[in-house]
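Colleague: First the structure, then my questions, so here it is.
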Amino acid sequence: MDARSKWGATRRTAFEKFLTQYYLVHSDHDICCEWGRIRIERRRQPISTADAWIAATALVYGADLVTHNPADFQGISGLSIITEAL
Numbered sequence: 006m007d008a009r010s011k012w013g014a015t016r017r018t019a020f021e022k023f024l025t026q027y028y029l030v031h032s033d034h035d036i037c038c039e040w041g042r043i044r045i046e047r048r049r050q051p052i053s054t055a056d057a058w059i060a061a062t063a064l065v066y067g068a069d070l071v072t073h074n075p076a077d078f079q080g081i082s083g084l085s086i087i088t089e090a091l
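If you use our numbering, the sequence shown corresponds to residues 6 to 91, in order.
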């Protein structure tokens, strides 16, 4: 955590505890290759850099992608999208 943060020790501790609920995924060779494939596949229907990373990670990990913006991820082969609209 940034030492310049105005958060006190109590707030920092609470935030760190909150983060333990989640699994942090680091990019690796497979995710980077998948990201590139997605960017090429969607060159006629551009996808944001962040959305391409999210989709690539889901594909590499075999995870469904949950989103309120399914149109952002349409046309990505192999991607399983879950949305309230289903």
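Glycine residues also receive a C-beta, built at the ideal position from the N, C-alpha and C atoms. As the structure is a prediction and not an experimental result, all values here were calculated from the model.
1) With three or more beta-carbon pairs closer than 8 Å as the criterion, would you say the region 40 to 52 touches the region 17 to 29?
2) How big is the Cα-Cα spacing for Ile86 and Thr18?
3) Of the choices Lys11, Ser32 and Ala76, whose alpha-carbon is the least far from that of Trp58?
4) Going by Cα to Cα distance, which pick from Gly83, Phe23 and Lys22 is closest to Ala68?
5) Check for me: the alpha helix (DSSP H) holding Arg49 runs from which residue to which?
Modeller: Quick look at the numbers:
1) With the cut-off at 8 Å, the region 40 to 52 and the region 17 to 29 do not touch.
2) One alpha carbon belongs to Ile86, the other to Thr18, and they sit about 34 Å apart.
3) It is Ser32.
4) Of Gly83, Phe23 and Lys22, the smallest CA-CA separation from Ala68 is found for Gly83.
5) For Arg49, there is no enclosing alpha helix (DSSP H), since its DSSP letter is neither H nor E.
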